[in-house]
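Read the structure below first, then the notes.
Protein chains: 2
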Amino acid sequence: MNDEEFEAAGQQMLKYVIDYHKNIRERRVMPDVKPGFMRKLLPDHAPHTPEKWDLLFKDIERVIMPGVTHWRHPHFYAYYALSTSYPAILADILSDTITCSGFSWASCPSCTELEVIVMDWLVKVMDLPEAFLSTSPGHGGGVIQGTASEATLVAVLSARTKFINRAKEKSPSMENGVALTKLIAYTSRQSHSSVERAYKIALVKYRILDTDEKQALRGDTLKKAIDEDRAKGLTPFFVCATLGTTSSCAFDNCKEIGIVCEQEDIWMHIDAAYAGSSFICPEYRPLLDGVEHADSFNFNPHKWLQVAFDCSAMWMKNSNDIIQSFKLEPVYLKHDNEDIMPDYRHWQIPFGRRFRSLKLWFVLRLFGIKKLQNIIRQDIKLAHKFEEYIRNDPRFEIFGEVIMALVCFRLKGSNEINEKLIKSINEDGRIHMVPSRVDDTFFLRLSICTTRTQNHDIDFAWKVVSEVADNVLKTTN
Amino acid sequence: MNDEEFEAAGQQMLKYVIDYHKNIRERRVMPDVKPGFMRKLLPDHAPHTPEKWDLLFKDIERVIMPGVTHWRHPHFYAYYALSTSYPAILADILSDTITCSGFSWASCPSCTELEVIVMDWLVKVMDLPEAFLSTSPGHGGGVIQGTASEATLVAVLSARTKFINRAKEKSPSMENGVALTKLIAYTSRQSHSSVERAYKIALVKYRILDTDEKQALRGDTLKKAIDEDRAKGLTPFFVCATLGTTSSCAFDNCKEIGIVCEQEDIWMHIDAAYAGSSFICPEYRPLLDGVEHADSFNFNPHKWLQVAFDCSAMWMKNSNDIIQSFKLEPVYLKHDNEDIMPDYRHWQIPFGRRFRSLKLWFVLRLFGIKKLQNIIRQDIKLAHKFEEYIRNDPRFEIFGEVIMALVCFRLKGSNEINEKLIKSINEDGRIHMVPSRVDDTFFLRLSICTTRTQNHDIDFAWKVVSEVADNVLKTTN
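In structure tokens form, the structure reads like this:
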């Protein structure tokens, strides 16, 4: 593909992107293909000679789109939002063009420096503790991870190293594995599955703690668990608190948890993957109170801040903890600037890294904070609009509280009827949602996921839910 | 940014991409900025209101480019190649537009299915064992990881789970940490630092084994270590063999290692991050012999196969091993198709994932295998051309063997003089290389990194090396 062909194909692709968004309402939000559908549409060998662009371009509609779950569709209400935006797409073109692997400052200074700067910008926008600034007197700083699950894992591994080293200071002959058997981590029953998974990868003991009636982990629950475990001779070392759980968007009490963690000298990590973006609005920032006690904090700009996946923003109070866990230095990577600017490969699981700060930079500048705040406010307003519909219909009830852009609701009555409802809604196909469960209660989740979702879409979503509920109730009674 | 603004900005960006490549020779391959340079060029706060595209676009040249190490520059000979290409850029525009998070089949069926298909294509192109095909009777299959370091870690964690479970079958009350103290893994002194790092993350014991005179790990060395460790009561469980080491592009003897691993019932992982792409050429495929003994195999199409970073191709003989390590199932992720198509979140460290198979698909179709083979052959030919220059100059010597597109060489004499040489070459700035060291020998690495590097560039590189060597030798004597 030469320059001219690329330019022509690129222009065609730009138009495709615009049309995709413009006409997305004509598509079925959730595809109705069966597993294995694509094999019938493609040859079973790669081509030996180049194919024409036109053929490939046609295959986007013929092969790919029939099996796409349209996360950009205004009627997509599943999981949580995943962002993309024109500025983010433009930034990724530049990132793909430069294609450095920014594992060290020297491997591409701009890749490291822009990341340091935009992560500092976010500290100020979100009023995060100053200890998270790269310019703070300590060793704090921010880094872009791929996903919140990686951020959690990085935090767990850092804390694990710190506590194992501490145990070995006391008993130098102690084996790592034996030191490990003493460590215990905590999280709530409502935290994301990737937290438990991080504990499994770290191979540490862990306890899944109960929450209060608002699905929030409380300080006294944590304190009780810690006391019990210390009595057993264990060393509590890590807590992952969640702000905005995946199931029902509940908020752990980070103020209480943070105080316990400080008193008990335990690493506190806050996972605010989804809700974190809202903290750019002053009125939601109090939800983050307690972050001043955290050793690490993470949220995903790729969820609600218009940055295309993957961009997970993580800060640490002391980057030495993570560097100590990971640093290994071969000759071919030595350079002279390590003390002034971070070598980010020591801050993450993978070795190489893309130039991801570009998309954060493009988005922050081309949207501006005010517009990003407005998007979040508007989405939450839409959620409350849907909440109204639910509250005004005596067949339904709200589950939990609508704080962000997620409405959890259910038909009053059995779980079975609600299982039937969600199945029927997704079979109907006009909107797409996923269900969840807290303890014994099964419910539906309506999550506002796109900036194209508007008032009339919420009216429509309610119409669909209400109609399908009519049918479900009719056929059940 | 509305549709029209996006189209205009996108067109400007496409032209920028073309011009960047066209005029890249006018840029200094390695920037001459000092750490912290960018802070002076940018405000210390994110803007409150949207900025104009034109301003941001100008900042690419004003702020970003002065600090870019140009991996695309024909005079960039450092590390190993990182690919990008027009087809890959186009595919990423589409991927950013769809922005699904393909953690399950249902979250975007096309994202999973295209990955299964193109990974099967590569099995056939590279003549990999049939057990790696998704259609094989076992539980084999391929998955796209972000980096080779993640692939190694996934392999180590899978093997660790398998062996801990085995130990606990015998002694059900044994603690994970205690089982861990028995496990020992191996790799050679020449493997990438990320292998040792994966062992540290897994917290397993490991031994770094010596290599033969060609920097290759041999079967008897491994066997001896295993015997010694078994005699100590340890359980050898994992070997990472490398095909194409980072230091000097050496090849471990996978045939010998594989036989030992089979006899000893140990997990064999092959890391061919860089050299793996060459196995699409029948004449280089014999270097991969022994892969039939491997439990997992990995190479990076983003290194040498024209796919933009990140795209690391990994295959496993039995995906159940990895699924067992990671699987945790919340209600909101349940769907009905799990047995027919993989839920790739169980195959990797992160939870979410981008639609990365698109760029592999675009590249394979728009280049075709023949052209990709030609690129590899041409790069290796250029390496041999540079090798000729070195061999014909009595001041220099080749280190190791030129097998792929990497030439390791040095001035005959002390390490100090070679340290001076590489420092002077990089200060000179006309070309960029990094050095390495094997045992006590310090040497320079010339790695062909871009498809734009041509015969006359090699002549030029030699001219620079030769001139700088003249000066270094003059001032030293």
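Chain order of the listed sequences is A and B.
The first sequence runs contiguously to residue 476 in numbering that gives the first Met the number 0.
The second sequence runs contiguously to residue 476 in numbering that gives the first Met the number 0.
Backbone N, C-alpha and C define an ideal beta-carbon position, used for all residues, glycine too.
What you are looking at is a predicted structure, and each value in this text was computed from that prediction instead of being measured.
Query raised in the report: Which runs of the alpha helix (DSSP H) spanning at least 4 residues fall entirely within the region 121 to 165 of chain A, listed in chain order?
Result: List check, alpha helix (DSSP H) in window: nothing returned.
Query raised in the report: For A/Pro349, which residues in chain B fall below 7 Å Cβ to Cβ?
Result: Along the first sequence, one-based indexing puts residue 349 of chain A at 350. By Cβ distance, chain B contributes Gly145, Thr146, Ser148, Glu149.
Report task. Pull out every residue of the region 210 to 242 of chain B whose Cβ sits closer than 7 Å to any Cβ of chain A, in chain order. Result -> Within the region 210 to 242 of chain B, no residue has a Cβ lying closer than 7 Å to any Cβ of chain A.
Query raised in the report: Name the chain B residues that come within less than 7 Å of A/Tyr85, Cβ to Cβ?
Result: Locating residue 85 of chain A in the first sequence gives position 86, where the first residue counts as 1. Those within 7 Å of A/Tyr85 in chain B are Met0, Phe5.
Query raised in the report: So is B/Val67 in contact with chain A if we call contact Cβ pairs under 8 Å?
Result: On the second sequence, residue 67 of chain B is found 68 positions in, with the first residue counted as 1. Using a Cβ-Cβ cut-off of 8 Å, B/Val67 counts as an interface residue toward chain A, since at least one Cβ of chain A sits closer than that to its own.
Query raised in the report: Going along the chain, which unbroken runs of the alpha helix (DSSP H) with 4 or more residues stay wholly within the region 253 to 339 of chain A?
Result: 253 to 263, 300 to 303, 318 to 325
Report task. Assuming A/Phe408 contacts A/Ile397 (C-beta within less than 8 Å), just tell me the rounded distance between them. Result -> Your numbering for residue 408 of chain A matches position 409 in the first sequence. Your numbering for residue 397 of chain A matches position 398 in the first sequence. Contact flag correct, Cβ pair sits at about 5 Å.
Query raised in the report: Do A/Leu127 and A/Trp303 come within 8 Å of each other at the CB atom, strictly closer than that value?
Result: Sequence index remark: in the first sequence, residue 303 of chain A carries index 304 (1-based). Sequence index remark: in the first sequence, residue 127 of chain A carries index 128 (1-based). A distance of 8 Å or more separates the beta carbons of A/Trp303 and A/Leu127.
Query raised in the report: Does A/Val71 come within less than 8 Å of chain B when only Cβ atoms are used?
Result: As a position in the first sequence, residue 71 of chain A is number 72, starting the count at 1. The sequence as given places Arg at residue 71 of chain A; Val does not occur at that position. Chain B contact via Cβ: present.
**Report entry** Three-way DSSP call (helix, strand, coil) for A/Leu357 in this model
**Finding:** In the first sequence, the residue the question calls residue 357 of chain A occupies position 358. It is helical.
**Report entry** DSSP beta-bridge partners of A/Cys407
**Finding:** The residue you call residue 407 of chain A lines up with position 408 of the first sequence. Its beta-bridge partners are A/Arg444.
**Report entry** Spatial distance of A/Ala130 from A/Phe296 (CA atoms)
**Finding:** In the first sequence, counting from the first residue as 1, residue 130 of chain A sits at position 131. In the first sequence, counting from the first residue as 1, residue 296 of chain A sits at position 297. Cα-Cα distance, rounded: 12 Å.
Query raised in the report: A/Gln305 versus chain B: which residues are under 9 Å apart at the beta carbon?
Result: For the purposes of this step, residue 305 of chain A is identified with residue 306 of the first sequence, where counting begins at 1. Per Cβ cutoff of 9 Å: no residues; A/Gln305 is ~10 Å from chain B at best.
Query raised in the report: Straight-line CA distance for A/Trp360 to A/Glu112?
Result: If you number the first sequence from 1, residue 360 of chain A lands on position 361. If you number the first sequence from 1, residue 112 of chain A lands on position 113. Computed Cα separation, rounded: 12 Å.
Query raised in the report: A/Asn175 touches chain B at which residues, Cβ-Cβ below 7 Å?
Result: Indexing the first sequence from 1 puts residue 175 of chain A at position 176. Neighbours of A/Asn175 on chain B, chain order: Leu202.
Query raised in the report: From B/Trp104 to A/Asp309, what distance separates their C-alpha atoms?
Result: Taking the second sequence and counting its residues from 1, the one referred to as residue 104 of chain B is at position 105. Taking the first sequence and counting its residues from 1, the one referred to as residue 309 of chain A is at position 310. Going by the C-alpha atoms only, they are around 19 Å apart.
**Report entry** Test: B/His47 CB closer than 8 Å to a CB of chain A
**Finding:** The residue given as residue 47 of chain B occupies position 48 in the second sequence. Closer than 8 Å to some Cβ of chain A, the Cβ of B/His47 qualifies, so yes.
Query raised in the report: Within 8 Å (strictly less), CB to CB, does B/Pro171 reach chain A?
Result: Here residue 171 of chain B refers to the residue found at position 172 of the second sequence. Closer than 8 Å: no.
Query raised in the report: For B/Gly367 versus A/Pro434, is the C-beta spacing smaller than 8 Å?
Result: On the second sequence, residue 367 of chain B is found 368 positions in, with the first residue counted as 1. On the first sequence, residue 434 of chain A is found 435 positions in, with the first residue counted as 1. Result no, Cβ atoms of B/Gly367 and A/Pro434 do not sit closer than 8 Å.
Query - Close Cβ partners of B/Gly428 (< 8 Å) along its chain, the five nearest in sequence each way excluded - result: In the second sequence, residue 428 of chain B corresponds to position 429, counting from 1. For B/Gly428, same chain residues with a beta-carbon under 8 Å away, outside a window of 5 residues either side, are Arg27, Val28, Met29, Asp31 in chain order.
Query raised in the report: With 8 Å set as the bound, which would you pick, yes or no: does the beta-carbon of A/Glu60 sit closer than that to a beta-carbon of chain B?
Result: Here the question's residue 60 of chain A lines up with position 61 in the first sequence. Cβ-Cβ to chain B under 8 Å: no for A/Glu60.
Query raised in the report: Does DSSP put B/Ala239 in a helix, a strand or coil?
Result: Working through the second sequence from its first residue, we reach residue 239 of chain B at position 240. According to the sequence as given, residue 239 of chain B is Cys; it is not Ala. Strand at B/Cys239.
Requested in this report: Can you tell me which of the three DSSP states B/Ile114 falls into?
Outcome: As a position in the second sequence, residue 114 of chain B is number 115, starting the count at 1. With the sequence shown as reference, residue 114 of chain B is identified as Glu, and Ile is not the correct amino acid for it. In this structure, B/Glu114 counts as helix in the three-state DSSP scheme.
Requested in this report: Identify the continuous alpha helix (DSSP H) that holds B/Ile379 and give its terminal residues.
Outcome: Indexing the second sequence from 1 puts residue 379 of chain B at position 380. Its alpha helix (DSSP H) spans residues 368 to 390.
Requested in this report: Following the continuous alpha helix (DSSP H) through A/Ile421, name the residue where it begins and the one where it ends.
Outcome: The residue labelled residue 421 of chain A in the question sits at position 422 within the first sequence. Element bounds for A/Ile421: 414 to 427.
Requested in this report: Check A/Leu221 in the structure and name its three-state DSSP category.
Outcome: Within the first sequence, numbered from 1, the residue matching residue 221 of chain A stands at position 222. Note: A/Leu221 maps to helix in three-state DSSP.
Requested in this report: Let me know the secondary structure DSSP gives B/Tyr205 once reduced to three states.
Outcome: The residue labelled residue 205 of chain B in the question sits at position 206 within the second sequence. Correct three-state label for B/Tyr205: strand.
Query raised in the report: Since B/Tyr185 sits in a beta bridge, which residues does DSSP pair it with?
Result: Position 186 of the second sequence, counting from 1, holds the residue named residue 185 of chain B. Looking at the DSSP output, B/Tyr185 sits in a beta bridge with B/Arg206, B/Val238.
Query raised in the report: Relative to the alpha-carbon of A/Phe102, which residue among A/Val142, A/Arg436, A/Lys123, A/Ala166 has its alpha-carbon at the smallest distance?
Result: The residue labelled residue 102 of chain A in the question sits at position 103 within the first sequence. If we check each option's Cα against that of A/Phe102, A/Val142 comes out closest.
Query raised in the report: DSSP three-state call for B/His431: helix, strand or coil?
Result: Walking along the second sequence from the start, residue 431 of chain B turns up at place 432. Note: B/His431 maps to strand in three-state DSSP.
Query raised in the report: What's the C-alpha gap between A/Val471 and B/Asp43?
Result: Counted from its first residue, the first sequence places residue 471 of chain A at position 472. Counted from its first residue, the second sequence places residue 43 of chain B at position 44. Each residue's alpha carbon lies about 56 Å from the other.
**Report entry** Candidates B/Glu291, B/Ala240, B/Ile402, B/Val67: closest to B/Ser190 by CA position
**Finding:** On the second sequence, position 191 is the one that residue 190 of chain B refers to. Nearest C-alpha to B/Ser190: B/Ala240.
Requested in this report: Write down the C-beta distance between B/Leu156 and B/Ala184 rounded to the nearest angstrom, noting that I regard them as a contact closer than 8 Å.
Outcome: Here residue 156 of chain B corresponds to residue number 157 of the second sequence, with the count starting at 1. Here residue 184 of chain B corresponds to residue number 185 of the second sequence, with the count starting at 1. Not quite, the Cβ-Cβ distance comes to about 11 Å (not below 8 Å), so this is no contact.
Query - Proximal chain A residues relative to B/Arg353, where beta-carbon distance stays under 7 Å - result: Taking the first residue of the second sequence as 1, we reach residue 353 of chain B at position 354. Those are Phe308, Asp309, listed as they occur along chain A.
Query raised in the report: If we ignore side chains and look at the alpha-carbon of each, how far apart do A/Gln214 and A/Phe250 end up?
Result: Stepping through the first sequence from its first residue, residue 214 of chain A is reached at position 215. Stepping through the first sequence from its first residue, residue 250 of chain A is reached at position 251. When rounded, the distance between both Cα atoms is 7 Å.
Query raised in the report: At least one CB of chain B closer than 8 Å to the CB of A/Cys99: is that the case?
Result: In the first sequence, residue 99 of chain A corresponds to position 100, counting from 1. Contact of A/Cys99 with chain B is assigned, a C-beta pair being separated by under 8 Å.
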